[in-house]
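In structure tokens form, the structure reads like this:
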């Protein structure tokens, strides 16, 4: 039986956890507690509070379409500064610490500025510092391109930095410290009975994240799943245990694990399409060519050789998608294009539904009983999503939370 | 006769020149004018306004003695951000531009964090960008150490970055844009008749800078002198020509070029030293061992085998120097140590005084006539400095300005 001499934990602290000096001191206290237990610690930090947004605001005032390379040069300063400040706070508590930029940490990315993908990490300097018993503080969200330019990893990118570092350093655990106590069965601000989930699988967490639960970046969860890195999401401001995210959750048997609700999508309907083979492909190839990400797609049953197709897109892209759809409709000689922002998407997620029949029926029945009309449905192996009127979204989430026996 | 196809100018803009977005736009306009004349341009920028001071304030609140490596990691973000913002502002005017951190610009320094010296510059990326007709924007004040850590060059370090880059790139001129119109015969806030100097030598400028004229960093002037790089100091906010600083100023014949006044020094006097060989060496070796920079030194004539030694130091180091002096006095069995912050140092500077006798006499006579008492005197080949009561400093500067026929 082999036993590691000392555990290595990667801790990630988001912007709200380092928003001011007293919060940075609190983070230093948390790290101090791990050090007393002789854990080796790598810390990944985001920029303080709304620093990134403030920098972006400056940039867009100077230039409505700022070059992305320069944006990365600008916004990467936020994490660099918070990493340096945390290292200073740790030293003031007598804890040896050293900060590294993404570049210095050896995070090599591709050339896609503002949304770069990590190609590899060369953690030589981090390992040297860990050998010297230093706490390693890494500026999250950033790396360098093969041209030695600074790149950033997109929104939530510090989560990805933390998971990727946990992988290459062979960490025992990656803990995401944030301003909520973990992953909940539904958003506690909407569903009062929502409870913290103690343990959830990667797949379920991915579904929840992609369906609107904003606790962790979806890409980071994917990477954790790929390399089987156990995650924990917990609060910086409480000592309660959080939510463990791991490959399987054999002990728990709930059919449905949680409810997601999002009001961030809009629905676009192209009416009266000629119902001939390849027509759907034609529509979505054109949308894809314009880099529009489509979420749900529903095609109604054909009547008289014509049909309607509805799809949902993120509201940020909705105007562009609407314009494209009208152009496409004109080209393929379809009819009117409808636009509807007034929708909500409610989803149930759980590995259990793979082996339990009747989950969909139970969902639709619960919504019907609450007189919530379902406008679109889409399903995956471990989730079912329904589009409803926006004003009915919260009711729908509460009803489903109760129907599947979640929470208190 | 050889002729360069295109001039290369290095322009440096200080913190007050990039303090907000409208000032950054103004800087972009200035650069735009050079580009219309087809000059190749390298721009060195400082951090916006008081950014560096704000970051230092955060650091010292977290840790009263913050590690210097981490300080550099922190404060270097200021210049990186302003460089990126200026590049964006240039692009919004249709000018191709690219920003570089000190690291990316190839500025290699020694290991002295917060006051690093430049070892060499490897300007490969800058040259590539210039070949592509891009405006190159470099974050001033910073470089990297041989360990790939971020270093900074000390207060005013962006001036040094600009001059060093002008040298390695073979620039035709290095222009220091600032918030004053150039170098003046005296501080215009103190001496109303002060006039802008059109042309001044490196040596004179160095003397003025070291005597308290705060237009440019002294180290940067030394480097410009060493490599014979013609400098110009001029205002970002006016179109008037500034002051040219170059190796000789053969056309002008003034004996005295300018007056400096500083209230930043304190006077320390060790009384009743045994007047034996080596006693002065002993005192100043000990002060030097504590890294205290002494400016003027005066030793009075010995009476009865005892003497007094007075010296001036920067007020920032004065308390430390006073404590050291008392310890030294105790060890060498000298007497009381006096401390006096209430002094001003007024200096006249000019290459002309090398060949003109009677300059010192004229200075002392002018001060005497104005009933200004001289407490200490020190001279160099091209300057004479007098310590006077602080409250008489401004009068002294005005009197000397008039006596040597400077200004209007």
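Chains as they are written, first to last, in our numbering: chain A, 1 to 408; chain B, 409 to 816.
Using N, Cα and C, we set each Cβ at its ideal position, and we do this for glycine too.
Item, Value
"Which residues DSSP lists as bridging residue 882 of chain B, in chain order", "Within the shown structure, residues of chain B are numbered from 409 to 816, placing residue 882 of chain B beyond reach of any answer."
"Residues that residue 379 of chain A bridges to, as DSSP identifies them", "A:384"
"Residue 246 of chain A, buried or exposed, once every other Cβ within 10 Å from all chains shown has been counted against 16", "buried"
"Contact set between the region 14-28 of chain A and chain B, restricted to residues whose Cβ is under 9 Å from the partner", "21, 24, 25, 28"
"Helix, strand or coil at residue 15 of chain A according to DSSP, with G and I counted as helix", "helix"
"Chain-ordered chain A contacts of residue 535 of chain B [CB-CB under 7 Å]", "In chain order: nothing, as chain A lies at least about 15 Å away."
"C-alpha distance - residue 138 of chain A paired with residue 723 of chain B, whole-angstrom precision", "38 Å"
"Integer Cβ distance of residue 341 of chain A from residue 266 of chain A, believed to fall under 8 Å", "5 Å"
"Residue environment, residue 575 of chain B, which counts as buried when at least 16 other CB atoms sit within 10 Å", "buried"
"Stretch-stretch touch, CB-based, cutoff 8 Å, three pairs: the region 52-68 of chain A with the region 440-449 of chain B", "no"
"Neighbour list for residue 556 of chain B in chain A, Cβ cutoff strictly below 7 Å", "104"
"Partners in chain B for residue 116 of chain A, counting only beta-carbon separations shorter than 9 Å", "Under the 9 Å cutoff, chain B gives no residues; its nearest Cβ is about 16 Å from residue 116 of chain A."
"Simplified DSSP assignment, three categories, for residue 835 of chain B", "A question about residue 835 of chain B goes unanswered here, because the residues of chain B that appear run from 409 up to 816."
"Cβ-based burial, residue 857 of chain B [other Cβ within 10 Å; buried from 16]", "No statement about residue 857 of chain B is possible, as the shown extent of chain B runs from 409 to 816 and does not include it."
"is_contact[residue 187 of chain A, chain B] using C-beta, thresh 7 Å", "no"
"Neighbour flag for residue 471 of chain B against chain A, beta carbons, 7 Å", "yes"
"Residue burial classification, residue 465 of chain B (beta-carbon count within 10 angstroms, cutoff 16)", "exposed"
"Beta-carbon spacing of residue 802 of chain B, residue 598 of chain B below 7 Å", "yes"
"Of the residues B:554, B:727, B:516, the one placed nearest residue 700 of chain B, counting alpha carbons only", "B:727"
"Proximity test, Cβ basis, 7 Å: residue 488 of chain B and chain A", "yes"
"Close beta carbons around residue 648 of chain B, own chain, < 6 Å, minus the five adjacent residues each side", "589"
"Environment of residue 123 of chain A [buried if 16+ CB atoms lie within 10 Å]", "buried"
"Among A:70, A:55, A:73, A:18, the one whose alpha carbon lies nearest that of residue 48 of chain A", "A:18"
"Within chain A, partners of residue 531 of chain B - CB distance below 9 Å", "The contacting residues do not exist; residue 531 of chain B stays about 14 Å from chain A at best."
"Neighbourhood of residue 111 of chain A by C-beta, 6 Å cutoff - its chain only, sequence neighbours within 5 removed", "145"
"Cβ separation of residue 577 of chain B and residue 691 of chain B, assumed to be a contact under 8 Å, to the nearest whole Å", "The pair is not a contact, with the Cβ atoms about 45 Å apart (cut-off 8 Å)."
"Residues of its chain near residue 400 of chain A, where Cβ-Cβ distance is below 7 Å and the 5 sequence neighbours each way are ignored", "259, 346, 348, 363, 366"
"Any chain A beta carbon closer than 7 Å to residue 485 of chain B", "yes"
"Contact check, residue 517 of chain B vs residue 564 of chain B, beta carbons under 7 Å", "no"
"Under 9 Å (Cβ pairs) to chain A, residues found in the region 685-701 of chain B", "none"
"heavy atom of the ligand NAD below 6 Å from residue 171 of chain A C-beta", "This structure simply doesn't include the ligand NAD, nor any ligand for that matter."
"Contacts that residue 475 of chain B makes with chain A (C-beta to C-beta distance below 8 Å)", "87, 88, 91"
"Residue-level contact to chain B via CB, residue 133 of chain A, 7 Å cutoff", "no"
"Per-residue DSSP class, three states only, for residue 392 of chain A", "helix"
"Residue 525 of chain B versus B:533, B:534, B:515, residue with shortest Cα-Cα distance", "B:515"
"Nearest-angstrom beta carbon gap, residue 43 of chain A and residue 100 of chain A [assumed within contact, 8 Å]", "Not really, about 10 Å apart at Cβ, beyond 8 Å."
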